[in-house]
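Here the sequence shown stands for residues 248 to 436, numbered as in the working numbering.
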Amino acid sequence: MNDLNLRVAALKLCAHPKRFAELRDALVPLPNTWIAAPHDFVLQFAAAKSSAEQVQVVKDVFYGEQEQDHGDVARFLADLLLASPLKHAVRNQLTKLFSDNALAKQKATPHRRHSKEHLLEALQQSLGEMASSLAVITPPVSHERTNDVFVSANACLQNFPFGREALGKQVHRFAPLLTNALERYWADI
Numbered sequence: 248m249n250d251l252n253l254r255v256a257a258l259k260l261c262a263h264p265k266r267f268a269e270l271r272d273a274l275v276p277l278p279n280t281w282i283a284a285p286h287d288f289v290l291q292f293a294a295a296k297s298s299a300e301q302v303q304v305v306k307d308v309f310y311g312e313q314e315q316d317h318g319d320v321a322r323f324l325a326d327l328l329l330a331s332p333l334k335h336a337v338r339n340q341l342t343k344l345f346s347d348n349a350l351a352k353q354k355a356t357p358h359r360r361h362s363k364e365h366l367l368e369a370l371q372q373s374l375g376e377m378a379s380s381l382a383v384i385t386p387p388v389s390h391e392r393t394n395d396v397f398v399s400a401n402a403c404l405q406n407f408p409f410g411r412e413a414l415g416k417q418v419h420r421f422a423p424l425l426t427n428a429l430e431r432y433w434a435d436i
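In structure tokens:
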């Protein structure tokens with residue numbers, strides 16, 4: 248009986264491999280707050296035609312010498328990270344960039360460098376805005392949107408030290424939303 252259970256579980260996991268592969272190769276849309284932004288790095292990302300180009304733009308934005316405010320760059324990258332689907336190449340690249348290893352690889356110009364505190368602050372702001380987006384919207388959003396927010400926040404806990412630290416400082420904003428999320432879920436089903 249155990250063999251049968253394992254086979255059924257394997258079939259369920261592989262039920263939609265094509266759809267998951269397409270999702271991982273799809274372009275990451277710009278977060279809503281950045282659609283009308285005039286910054287060059289936002290326009291570069293929006294102009295990318297493939298996920299590989301998007302990954303390259305993200306690297307260039309992080310390591311490049313931007314004339315724009317570092318706060319805008321870090322905020323854009325943090326918002327993009329949380330808006331990206333799980334297991335997507337852009338999200339994976341951003342997770343690598345928001346790390347101590349990526350900070351060590353930056354060029355030596357001190358006024359152009361990202362700092363850990365700066366990146367953590369950007370992640371905290373993005374997480375806070377994501378949490379408040381669920382609390383403010385009337386009528387209540389569907390359980391799919393609520394689920395997307397909690398899944399994205401949960402992804403900060405998995406192999407992402409900066410994400411864990413940022414979520415730890417913003418968890419007080421997500422805790423009250425759990426009861427509302429469960430109510431919406433039960434109402435939708």
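The beta carbon of each residue, even a glycine, is placed where N, CA and C say it ideally should be.
Only a predicted model underlies this, so the values are computations on that prediction, with no experimental measurement involved.
Euclidean distance between Cα positions of residue i and residue j
i, j, result
"LYS416", "ARG338", "21 Å"
"ASP347", "ILE436", "43 Å"
"VAL289", "PHE323", "8 Å"
"THR342", "GLU391", "24 Å"
"LEU374", "LYS306", "22 Å"
"MET248", "PRO408", "Low confidence applies to MET248: its pLDDT is 49, below 50, so where it sits in the model is not reliable, and the reading given next is rough at best. For MET248 and PRO408, the distance between alpha carbons rounds to 40 Å."
"ALA351", "VAL396", "31 Å"
"LYS334", "HIS286", "27 Å"
"SER380", "TRP433", "20 Å"
Residue i classed as buried or exposed, judged by whether at least 16 other C-beta atoms fall within 10 angstroms
i, result
"GLY410", "buried"
"ALA330", "buried"
"ALA294", "exposed"
"LEU399", "The question names Leu, but residue 399 is Ser in the sequence shown. Buried is the call here."
"LEU429", "exposed"
"ALA283", "exposed"
"VAL418", "exposed"
"ALA325", "buried"
"LEU404", "exposed"
Proximity test, residue i beta-carbon vs the ligand PLP heavy atom, cut-off 7 Å
i, result
"ALA283", "The ligand PLP is not among the ligands present in this structure, which contains no ligands whatsoever."
When the options are compared against residue i, the one with the closest alpha-carbon
i, options, result
"ALA349", "HIS419, VAL308, ILE436", "VAL308"
"ASP377", "PRO408, THR280, LYS334, PRO285", "One detail in the question is off: residue 377 reads as Met in this sequence, not Asp. It is THR280."
"PRO276", "LYS363, PHE292, SER379", "PHE292"
"GLU300", "VAL320, ASP272, TYR310, PRO278", "ASP272"
"ALA382", "LYS306, ALA400, PRO423, TYR432", "PRO423"
"GLU368", "ALA283, PHE345, THR393, TRP433", "PHE345"
"THR426", "HIS286, THR393, GLU364, ALA400", "THR393"
"GLN371", "ALA428, TYR310, HIS335, PHE421", "PHE421"
"GLU364", "VAL320, ALA402, ALA413, ASP319", "ALA413"
"ALA402", "LEU328, SER379, ARG431", "LEU328"
"SER362", "LYS296, SER298, VAL320", "VAL320"
"TYR310", "ARG431, GLN405, LEU366, GLN353", "GLN353"
"LEU366", "ALA336, GLY318, VAL304", "GLY318"
Terminal residues of the alpha helix (DSSP H) in which residue i lies
i, result
"THR426", "424-435"
"HIS419", "408-421"
"LEU344", "336-344"
"SER298", "298-310"
"GLN291", "287-294"
"ASN348", "347-351"
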